[in-house]
Amino acid sequence: MIEKGKSALLFLLVVASLVQSYFLAYSTPYMEAKVKTDLNYVKTEPLGDERAISDLIFPEQLIIHRGYDKHTVFYPSTRTYYNLILEKLKLREFKGLQRDQVDAVDWDQVRREDQGVELRFGRAIPFELLQKVFKIDRDFLFFGDSIDRIWIYTSKGRDEVRTFFFSSDGRYVYESTRADLTIGDVEGYVGFGQYWDSYTTVDGNVYVPEKPYTKLLEMEVPFTKYTTNQIQESLFFDPGSTKTLQDQDNSAGPKLYTDSKKGLKIEQNGVWMSYTDPVARTEGDDNLVDNVLAAVSFVNQHGGWNDKYLLVKDSDSGSGGSTIRFQQYYMDVPIVSGSVMNFGFMQLTLEQGGVSSYNRSLAVLGADVKNKYVRQLPGGDQLRTILHDVSKSGKTVEALFPAVRPVLKKDSVVLRPVWAARLKSGEVIIVADSSPITSNESLNNSK
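Residue numbers in the sequence shown follow full-length UniProt numbering, run continuously in steps of one, and reach 447 at the last position.
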C-alpha cells in the first residue's frame, strides 16, 4: 500500500514538472516593472497644433500679369483672390517636365504682353517638397532641383497655355508640356486682377503699387505664453533633474535651465526661448529635405504650431548642418520683428536629422483684437525713392511685401503695418513704416 502511494506521488510530481516546463517554454513572461521609477512619465498634452510640410509651403506672392504691361500682386493677406487661385492650382496636374535654358523664352516680353499668373515662393523649394503641395510629375531626370517660382501664361497668338518652373540657380526652367490648364483657367485668374491695385516694375523682381497701400490694419492683440514648466516638460526627458542658473544681480534677466547636457534660455520677459542640444556628428552627408522634414516633426512634438507659418529658409548652417526657419503669419500677414527683438518666427539647426538648436516665440496670439486703426503704406514714386536709397547703400532688394512689426506690451502686442524687403542675401529688413490716415476714425472694437 505504501509503495502504491509512493508511485502515485512520484507520478504527480512528474506531471507537475512537465506542466511547469511547458509554461516556462511557451508562455510570455511579464516583464513590466512593479515599481515605477522616475524615468516613467505620463505623456504631456501637446502645446500647439501639428502641421504637415504641405501646410508650411505656399507662395509669398501671386503676380497677376494682365497684358499691356499691367500687373497686380496678391499676398496671402489678400485672402479671397489669393486662395481662389492657389486652391484651383493645387488641383491641377503638371506632367511631362522638360528642361531648357532660362533664356529660351523672352521673359520681359511675356511679362509685358501675355496674360498669366506667377507664383513666387521667396526661397528655393526642392521639387521633392513642392510635390507635396502640387501634383507634379516625379518621373523626370532633374527631380533633385529646387524651384523658386512657377509662371503660367497664355502664349499670345498661339492659343495655348504654357507652364514653367524656374530653377533657383537662375540657369534653367522646366516646362510642363502636359499641364491640365486651359486658356479659360488663366483668363479667370487674370480677371481677378482688375478688381485690385495696379503695380509696376522696372526690373521684373520688385513690384510697387501705384497708390498708397491701405489693406492692413494696425491692431493690438492680447496673448498668453507657454509656461516655463510646459517648455521644460516638452524638451527635457526628466524635467525634475534640471537646474536653474540665473544671475543673482539681474533677476529680470534671462533664465537658464540645464540637465547638464541640454540647455534652455527664456528671455524677453518670457516670450522667447533658445534651446541647445549637442548632437554627435556621424559620417555621411546632410540631406536638406530630410532635415526640413525632421524640423517639422520636431516642432510637432515639442511646442507645436500656434499660428500659420511659412518655410522661408533652409540653408547650410556653416557647421555642416542646415538652418531651417519658419516665418509666423498672423491673420495671413507675416510678422517681421527686425533686429531690435526676436518675435514671430521659429529657427532650428539640424545635423543629419538631429536638432542641435531650437529658437522660437513663446507668445500665443489671441483671436480677439482691439484698437484697430487703418494705416497707409507709401506707394508710387515715394516708395520707389525709398527702395532706391536702399540699393544705394549696397543692398539688393529681391522682393517687397507688406508685413507687420510687433511692439511688445505686458500682455499684448501691437502689430503695425510696414513694407518689408527680402534682400539678395536672404535677409529680411523693414524699409518703410506706415502712417495714420487722418480722415479715418479708429476702428476700435475692443471687446
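For glycine and all other residues, C-beta sits at the position ideal for the given N, C-alpha and C.
Quick caveat, the model's predicted, so the values are computed rather than measured.
Extent of the continuous alpha helix (DSSP H) to which residue i belongs
i: residue 86; result: 79 to 90
i: residue 388; result: 380 to 392
i: residue 194; result: No alpha helix (DSSP H) holds residue 194; DSSP gives it neither H nor E.
i: residue 376; result: From DSSP, residue 376 is part of no alpha helix (DSSP H) but of the beta strand (DSSP E) over 370 to 376.
i: residue 294; result: 288 to 301
i: residue 168; result: Where residue 168 is concerned, there is no enclosing alpha helix (DSSP H), given that its DSSP letter is neither H nor E.
i: residue 228; result: 228 to 235
Same chain only: Cβ atoms within 6 Å of residue i, ignoring 5 sequence neighbours per side
i: residue 337; result: 343, 344 and 406
i: residue 262; result: 277
i: residue 259; result: 236, 241 and 242
i: residue 37; result: Reliability of the predicted coordinates at residue 37 is poor, the pLDDT of 28 falling under 50, and no value is obtained from them.
i: residue 40; result: In this prediction, residue 40 scores a pLDDT of 34, lower than 50, which makes its location untrustworthy; the coordinate-derived value is nonetheless stated afterwards. For residue 40, where only same-chain residues beyond five positions count, there are no Cβ hits under 6 Å.
i: residue 429; result: 421
i: residue 437; result: 374 and 376
i: residue 132; result: 53 and 54
i: residue 362; result: 225, 226, 271 and 273
i: residue 201; result: 207
i: residue 358; result: 275 and 348
Residue from the options whose Cα sits closest to the Cα of residue i
i: residue 208; options: 426, 394, 396 and 385; result: 385
i: residue 223; options: 75, 53 and 366; result: 366
i: residue 221; options: 389, 382, 373 and 369; result: 369
i: residue 333; options: 295, 396, 377 and 216; result: 216
i: residue 324; options: 330, 356, 82 and 308; result: 356
i: residue 389; options: 431, 363, 379 and 411; result: 431
i: residue 466; options: 71, 230, 85 and 159; result: Coverage of the chain is limited to positions 1 through 447, which leaves residue 466 absent and any answer about it impossible.
i: residue 179; options: 150, 195, 351 and 126; result: 150
i: residue 103; options: 170, 55, 93 and 80; result: 170
i: residue 274; options: 81, 348, 425 and 353; result: 348
i: residue 173; options: 122, 101 and 395; result: 101
i: residue 139; options: 164, 204, 176 and 358; result: 176
i: residue 486; options: 300, 341 and 204; result: Because the chain in this structure spans residues 1 to 447, residue 486 falls outside the shown range and cannot be described.
i: residue 465; options: 350, 328, 434 and 411; result: The requested residue 465 does not occur in the structure, where the chain is confined to residues 1 to 447.
Unbroken beta strand (DSSP E) run spanning residue i, endpoints
i: residue 328; result: 322 to 330
i: residue 154; result: 146 to 155
i: residue 100; result: 93 to 101
i: residue 71; result: 70 to 74
i: residue 119; result: 115 to 126
i: residue 274; result: 272 to 276
i: residue 433; result: 428 to 433
i: residue 66; result: 61 to 67
i: residue 266; result: 263 to 267
i: residue 257; result: 255 to 258
Reduced DSSP category for residue i - H, G, I as helix; E, B as strand; rest coil
i: residue 107; result: helix
i: residue 207; result: strand
i: residue 223; result: strand
i: residue 352; result: coil
i: residue 53; result: helix
i: residue 360; result: strand
i: residue 188; result: helix
i: residue 241; result: helix
i: residue 422; result: strand
i: residue 129; result: helix
i: residue 136; result: strand
i: residue 183; result: helix
i: residue 162; result: strand
i: residue 43; result: Unreliable placement is indicated for residue 43, whose pLDDT of 46 sits below 50; the coordinate value is still reported in the next sentence. Coil.
Residues of its chain near residue i, where Cβ-Cβ distance is below 8 Å and the 5 sequence neighbours each way are ignored
i: residue 187; result: 115 and 154
i: residue 77; result: 215, 216, 331, 332, 333 and 402
i: residue 183; result: 154, 159, 160 and 161
i: residue 31; result: Note on residue 31: pLDDT 31, under 50, position unreliable in the model; the coordinate value appears next. Excluding positions up to five away in sequence, the list is empty.
i: residue 66; result: 72, 115, 190, 193 and 194
Beta-carbon contacts of residue i that lie in its chain and below 7 Å, excluding the five residues immediately before and after
i: residue 391; result: 397
i: residue 145; result: 127 and 167
i: residue 136; result: 94, 127 and 130
i: residue 195; result: none
i: residue 18; result: For residue 18, the pLDDT reaches just 42, beneath the cut-off of 50, and the residue's location in the model is therefore unreliable, although a value from the coordinates is still provided. Excluding sequence neighbours, residue 18 sits near nothing in its chain.
i: residue 379; result: 208, 209, 210, 211, 212 and 213
i: residue 122; result: 60, 312, 399 and 422
i: residue 360; result: 273, 303 and 346
i: residue 47; result: 226, 230, 234, 303 and 304
i: residue 306; result: 48 and 364
i: residue 424; result: 396 and 398
| task | Within the region 389 to 420, note down every full beta strand (DSSP E) run reaching 3 residues or more, in order along the chain. | result | 397 to 408
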